[in-house]
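Protein chains in written order, with our numbering: chain S, 1 to 304; chain A, 1 to 276. What follows is a short report on a single structure.
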């Protein structure tokens, strides 16, 4: 996803001279070099100085630019949090903060490099839009939206590299702010966002093999959440499950439960997330997720 | 270095600053707190920027930008913006009141307020981004002026931005340090004794540094106009917190509170032009 991001930022940078890329010593590989070489005045590397990255981006936006700030999620959102809150959100500036490698994807780097609560933290700030594409195709469209249509700050949660295409045959087109059916079924609805969508698709295939009709939904826009869309899903399925690579509180699962309560939803609703615990083990990304209870097998045993 | 407003009438400036101090004291009687002492220390710096250095009206026809990084000192900015006609007397009369639009810290969107500040340590990075845009992207000759408090030098974010401003060679960035020597808790030199003197740190970060009496409008104006202009520039304005009212000077209690009616009358009675 990060390589595709670099391609997209280069493409939109060619069309729109307001697009700037700011990085803090971490850059998306490959094509960002093209951006830097072709638009040197619109590329700034602040080094390991994330507060400066956000503050400078705000200064650029106050002068009419549309900056993208890019580094590993924990350093793009948590370290400069108060700059994001005051400089970007309070002033409502069109700056996109990219949280790369979000969740526990840096599975061997340890808890210092995990962002397990980023959706909750970012969603808590007024004016902030929170996006989490599930594959490079969603990321591409959402980056274009951030560049051209967003009117305020965005936190966009990205994976790392090598994510497969999960949306080529999606039922609905992508529209920011609208929960998206990747496929429509009638019994069970599986809602997710970001990289766990791959796991969800495998779960759906297995459930279908055992005779269930399954909807898969990409909730790529977590804030503002498509309340009407969620209500429709809750009212049209017997069973709904939310799967997210995030702590149990403050993420999508909590929000869907709120809506279910407020609307008196009759379906069974389960949420699957990371535990409210830091990760102290190592291994592959899938192994870390499994250690926190997120695996194809685990979900299937619960949902069957 | 040119591209500044080259005329500055110090006699008129002293008269304006006397009027501003009186106006701030008057407004102080409407509210329980207004950071008056920090506004008094910054007054000559802010007046010189708006009346002596910036070209045109900020946010209207000026190519230049002003940021009050020490947002709590914004009363010094409000009175100047009132003088310039950007804020109305009614705006200031409604300071911190229901129906008003001015509070204890500058809010982006109000006339003449080009960024929201008040949380310390933000202004330098904002100014760096703005100055970079003017110089290297828009390629115009806009100057960005930013007034910092000395307490803000304790924020790491200020130094991150100063490092970047020097890296980016922002010769159109003019910072002024309101070096009044006090912060909320007491003397800055008691909070961070090993940090002083300040000047070598600023030199070491690759800035052009000049130190003047921060209540001397002529000295401030000359220092900025005569800067070499091959680096970002910072003027250390040595000031007195509460300048102009004897019992407020260098007394931490006046960082925040307003004078009571008796104190107000005493303060008004002793106001006179500050001749540095």
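Every residue, glycine too, gets a C-beta built ideally from N, C-alpha and C. Only a predicted model underlies this, so the values are computations on that prediction, with no experimental measurement involved.
Which partner residues of residue 66(S) appear in the DSSP bridge assignment?
19(S)
Could you check what DSSP says for residue 223(S) in three-state terms: helix, strand or coil?
strand
Three-state secondary structure (DSSP) of residue 93(A):
Under the three-state reduction of DSSP output, residue 93(A) falls in the helix class.
Please list, in chain order, all residues of the same chain as residue 263(S) whose beta carbon is under 8 Å from its beta carbon, the five residues on each side excluded.
231, 234 and 235
Ranges of the alpha helix (DSSP H) found wholly within the segment 86-145 of chain S, counting only runs of at least 4:
118-123
For residue 46(A), the residue or residues it bridges with in DSSP
Answer is none; residue 46(A) lacks a bridge partner.
If we ignore side chains and look at the alpha-carbon of each, how far apart do residue 84(S) and residue 66(A) end up?
So the alpha carbons of these two residues sit roughly 21 Å apart.
Give a yes or no on whether the minimum CB-CB distance between residue 143(A) and chain S is below 8 Å.
no
Which residues of chain A have a Cβ atom closer than 8 Å to the Cβ of residue 65(S), listed in chain order?
133 and 137
Please report the straight-line C-alpha distance between residue 174(S) and residue 141(S), rounded to a whole angstrom.
8 Å
Under 8 Å between the Cβ atoms of residue 135(S) and residue 165(S)?
Yes, these two residues count as a Cβ contact at 8 Å.
Distance, residue 251(S) Cα to residue 244(S) Cα
8 Å
Counted within 10 angstroms of its Cβ, other Cβ atoms place residue 280(S) as buried (16 or more) or exposed:
exposed
Residues in the segment 46-58 of chain S with C-beta within 7 Å of chain A's C-beta atoms, listed in sequence order?
So the list reads 46, 49, 51, 52, 55, 56, 57 and 58, given in the order they occur along the chain.
Using 8 Å as the limit for Cβ to Cβ distance, is residue 122(A) near chain S?
Residue contact check for residue 122(A) against chain S: a CB pair falls below 8 Å.
Which same chain residues, not among the five before or five after residue 107(A), have their C-beta less than 8 Å away from its C-beta?
101, 113 and 116
Classification of residue 183(A) by the beta-carbon crowding that lies within 10 angstroms, buried from 16 upward
buried
Starting from residue 264(A), trace the beta strand (DSSP E) in both directions and tell me its first and last residue.
Counting along the chain, residue 264(A) falls outside any beta strand (DSSP E), though it belongs to the alpha helix (DSSP H) covering 261-270.
Can you tell me which residues form a DSSP beta bridge with residue 174(A)?
145(A) and 233(A)
Name, going along the chain, the residues of the segment 78-91 of chain S whose beta-carbon falls closer than 7 Å to a beta-carbon of chain A.
82, 83, 86, 87, 90 and 91
If you count every other CB in all the chains shown that lies within 10 Å of the CB of residue 14(S), and 16 or more means buried, which is it?
exposed
Under the assumption that residue 157(A) contacts residue 122(A) (Cβ atoms under 8 Å), give the Cβ distance between them as a whole number of angstroms.
Rounded, the Cβ-Cβ distance is 7 Å, consistent with contact.
Are residue 161(S) and residue 2(S) closer than 8 Å when you measure CB to CB?
Yes, the Cβ-Cβ distance between residue 161(S) and residue 2(S) is below 8 Å.
Closer than 8 Å, Cβ to Cβ, to anything on chain A: give me those residues from the segment 23-45 of chain S, in chain order.
41, 42 and 44
Rounding to the nearest angstrom, what Cα-Cα distance links residue 33(A) and residue 121(S) in this structure?
33 Å
Using a Cβ cut-off of 8 Å, which residues of the segment 189-205 of chain A contact any Cβ in chain S, in chain order?
Of all residues in the segment 189-205 of chain A, none places a beta-carbon less than 8 Å from a beta-carbon of chain S.
I'd like to know whether the C-beta of residue 62(S) is nearer than 8 Å to at least one C-beta of chain A.
yes
Under the assumption that residue 73(A) contacts residue 42(A) (Cβ atoms under 8 Å), give the Cβ distance between them as a whole number of angstroms.
5 Å
With DSSP run on the structure shown, which of helix, strand or coil describes residue 237(S)?
coil
Sort out for me which residues DSSP pairs residue 272(S) with in a bridge.
243(S)
Partners in chain S for residue 116(A), counting only beta-carbon separations shorter than 9 Å:
86, 87, 90 and 91
Taking the alpha carbon of residue 94(S) as the reference point, which residue from 18(S), 5(S) and 112(S) has its own alpha carbon closest?
18(S)
Residues that DSSP places opposite residue 192(S) in a beta bridge:
Residue 192(S) is bridged to 218(S) and 243(S).
Limits of the beta strand (DSSP E) - the one that residue 181(S) falls within:
180-183
Going by the CB atoms, is the gap between residue 137(A) and residue 75(A) shorter than 8 Å?
no
What do you reckon, are the CB atoms on residue 217(S) and residue 179(S) nearer than 8 Å?
yes
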